[in-house]
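Residues in the sequence shown are numbered consecutively from 50, following the working numbering. Beneath this line is the structure, given in structure tokens, with notes to follow.
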Amino acid sequence: MTDDKDVLRDVWFGRIPTCFTLYQDEITEREAEPYYSFPEKDLLHCPSKDAVEAHFMSCMKEADALKHKSQVINEMQKKDHKQLWMGLQNDRFDQFWAINRKLMEYPPEENGFRYIPFRIYQTTTERPFIQKLFRPVAADGQLHTLGDLLREVCPSAVAPEDGEKRSQVMIHGIEPMLETPLQWLSEHLSYPDNFLHISIVPQPTD
């Protein structure tokens, strides 16, 4: 993979801090402590760390099946799998990436992964997500871009050349250029589960 370690670090250390506090005009017998709540109505609450670890490793194996026919993950030892999980659980960038970098490599003659692991989420549909097989390199050897993926899989997210932009394409809270090679995005903006999670949200009107 290309060596853009600063990008990997910026993604890893990104945070969305959330804190709920009681409105100051609310009357209580004692001062209410700030609350950091899990959104039970929106997300499934995993019953244990073991369940989270099992789900995480399942996603990692699915991603590697798409990228390398499962060859990389299957050649790893159990301690490598554990290091991936412990690095994520303990927020250890170097510990995680010492193993994860192997999952981001590919033979130089292939110019990329076999398929790109991705999931596209849309706020305007009840469908959980879109996931299809998509190669990072075209038949003529040209690198596919984020725009190429969207035009094939989710064309409504891409504004026509003479039309108004109606959607934002977000990964990790940023809006990458549609001209960005999909292979580069997969190597640098994938989530720890090795999938690109792409959100399509309506363009703000204000």
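We put the CB at the ideal spot given by N, CA and C, even for glycine.
Leu182 sits exposed, since fewer than 16 C-beta atoms from the chains shown fall within 10 Å of its C-beta.
The three-state secondary structure of Leu195, taken from DSSP, is helix.
In this structure, DSSP gives Pro204 a helical state, which the three-state scheme calls helix. With a beta-carbon spacing of about 6 Å, Leu227 and Thr194 fall inside the 8 Å limit used to define contacts. In this structure, the beta-carbon distance from Ile220 to Leu238 falls below 9 Å. In the structure shown, Gln180 adopts coil according to DSSP, grouped into three states. Per DSSP, Arg168 is one residue of the beta strand (DSSP E) stretching across 167-171. Nearest to Gly136 by alpha-carbon distance, out of Arg168, Phe105, Thr229, is Phe105. Taken through DSSP and simplified to helix, strand or coil, His246 comes out as strand. Counting along the chain, the unbroken beta strand (DSSP E) around Met219 starts and ends at 216-219. Residue environment analysis places Leu92 among the exposed positions, since fewer than 16 neighbouring C-beta atoms fall within 10 angstroms of its C-beta. Membership of Gly136 in the alpha helix (DSSP H) is indicated by the continuous run 127-138. In this structure, Ala206 places its C-beta atom within 9 Å of the C-beta atom of Leu199. Val56 is bridged by DSSP to nothing; it lacks a bridge partner. Judged by beta-carbon spacing, Pro166 lies within the 9 Å limit of Leu115, meaning their Cβ atoms are closer than that value. The closest CA to that of Pro225, considering only Gln138, Pro209, His94, Gly196, is found on Gly196. In this structure, His246 sits near Tyr170, with a CB-CB distance shorter than 9 Å.
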